[in-house]
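Colleague: Residue numbering for the sequence shown follows our numbering, starting at 141 and increasing by one per position.
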Amino acid sequence: MDSVFFDTYIWPALIVTAHSLAIILALLVSLAFFMLADRKIWAAAQLRKGPTMVGPFGLLQSFADILKYLLKEVIIPTTGDKAGVSLARFVTMFRALGGWAVIPVREGWEVADMNVGILDIFAISSLGV
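1) Out of curiosity, what's the CA-to-CA distance linking Met254 and Val214?
2) Measuring alpha carbon to alpha carbon, tell me which of Phe262, Leu167, Gln201 ends up nearest Lys180.
3) To the nearest angstrom, how far is it from the Cα of Gln156 to the Cα of Thr192?
4) Indicate whether Ile264 and Gly239 have their beta-carbon atoms separated by less than 7 Å.
5) Hey, how far is the Cα of Lys212 from the Cα of Val225?
6) What do you get for Ala153, buried or exposed, if any count of 16 or more other CB atoms within 10 angstroms of its CB means buried?
7) With DSSP as the reference, label Thr218 as helix, strand or coil.
8) Secondary structure at Val169, three-state DSSP: helix, strand or coil?
9) Could you check where the alpha helix (DSSP H) with Val144 kicks off and where it finishes?
10) Only counting the same chain, and skipping five residues up and downstream in sequence, which positions put a Cβ closer than 7 Å to that of Pro281?
11) Considering only C-alpha positions, which residue in the set Val256, Asp260, Ala228, Phe234 is nearest to Leu161?
12) Here's the rule: buried if 16 or more other CB atoms are within 10 angstroms of the residue's CB, otherwise exposed. What is Val242?
13) In the structure shown, what three-state DSSP assignment does Ile243 receive?
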């Protein structure tokens, strides 16, 4: 009985979690290097030095920025809804990453196998409006 429960519920949940974490990690690392490339290109266009202080050739600048934003003090207005302000950051993050759940990376490596994946992407992207 325990084997059936594990094979039916636990194992698929572990696979989906592993796929989700792999996709999120790949997205965040590639985004960090795209941001670095963007900074370097605009620095060259403006005839100034780009990010060169953190790591060799500034390769760790984007990761330092991520760490800075994560450790930054959160300012919540005194008259504002504290739960709503705190929840808004997570809702925004999950909305931004949720669209990637239906994009197949390769055979068998999509988080959610849906027939209406494009409609899901449109629905998630319209939530920001």
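Glycine residues also receive a C-beta, built at the ideal position from the N, C-alpha and C atoms.
Modeller: The short version:
1) 37 Å
2) Gln201
3) Inspection of the sequence shows that residue 156 is occupied by Val rather than by Gln. Spanning the two alpha carbons is a distance of roughly 38 Å.
4) With respect to the 7 Å criterion, Ile264 and Gly239 are classified as neighbours on the basis of their beta carbons.
5) 15 Å
6) exposed
7) coil
8) helix
9) For Val144, the enclosing alpha helix (DSSP H) starts and ends at 142–145.
10) Look at the range of the chain in this structure, 141 to 269, and you will see that residue 281 is not part of it.
11) Phe234
12) Using a 10 angstroms sphere on the CB of Val242, the tally of other CB atoms reaches 16 or more, which defines it as buried.
13) DSSP places Ile243 in the coil class of the three-state scheme, outside both helix and strand.
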